[in-house]
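Heads up: the sequence shown begins at 18 in my numbering, then just goes up one per residue. Just so you know, even glycine gets a beta-carbon here, dropped at the ideal spot from N, CA and C. Only a predicted model underlies this, so the values are computations on that prediction, with no experimental measurement involved.
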Amino acid sequence: MKGTAKSLLTNLFLTAVASVEPARLVRGALHRDEEGISLSGGGASSILSWSSVERIFLVGGGKAGRPMVQAAVSVLEGKVSAGAIAVPKGEGGSLHSVRLIETGHPLPDDGSRKAAQAMLDVVSGAGENDLVIALISGGGSAMISAPPEGVSPSDKETVFRLMLQSGADIAEFNTVRKHLSRVKGGLLARAAHPARVWALM
């Protein structure tokens, strides 16, 4: 009986982990066919015909940045024009037309700033007939860092180091992060205007 219970619990655990595997979730939410592209999830969906989409850009990042962008590129089959994704150390490089930029976690580093700037560079060239797809996973808020004017990278690092030492929780970190960033709190989407923006998180 013990062996059966252990086997059952192991299978339940493995099934639960597989159900939230990042690449699988992207493939389940993002679809394309000969008529267009669609995004579904959370009880909502968006559909765009190919005639209304000139270019597709991928931005974002996090600890699952690489598998998420691999899945998106696979689904979109050559339709991605450019992109920039923040990924963990050791996972950098490029995937077709998408740059994979190695970044720090849990504290932002120079790579985090390069990734944020690369994303801003990508979306700033997007037009009203373009689609920007943001792929965000856990760790993304630390791995994508763009301090606002007047705040130096070292100032921002000091703030987060002190918060980490004080035991601040993730909600407190994220509240501060969006006020010390040029990309968080909807600012990346604003930079992408007038393009349409879809987000997978």
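Classified as exposed, L31 has fewer than 16 neighbouring CB atoms from the shown chains inside 10 Å of its CB. Cβ-Cβ distances below 8 angstroms link L137 to A163, R199, V200, L205 and A208 in the same chain, with the five nearest sequence neighbours on each side left out; the list follows chain order.
Counting the other CB atoms within 10 Å of its CB gives R194 a total of 16 or more, which places it among the buried residues. The Cβ atoms of G128 and I118 lie closer than 8 angstroms to each other. Here DSSP, grouped into helix, strand and coil, assigns G20 to helix.
For G45, no beta strand (DSSP E) segment is defined; the enclosing uninterrupted segment is the alpha helix (DSSP H) at P39 to A46. Between I73 and S111, the alpha-carbon positions lie close to 16 angstroms from each other. Leaving aside the five residues that flank A89 on each side, the residues in its chain whose CB is nearer than 7 angstroms to its CB run, in chain order, V43, L47, L75, I150 and L152. If you ignore the 5 residues before and after D147, its C-beta comes within less than 6 angstroms of the C-beta of E71, R72 and A212, all in its own chain and listed in chain order.
The DSSP assignment places complete beta strand (DSSP E) segments of no fewer than 3 residues inside the segment 132–216 at 148–153, in order along the chain.
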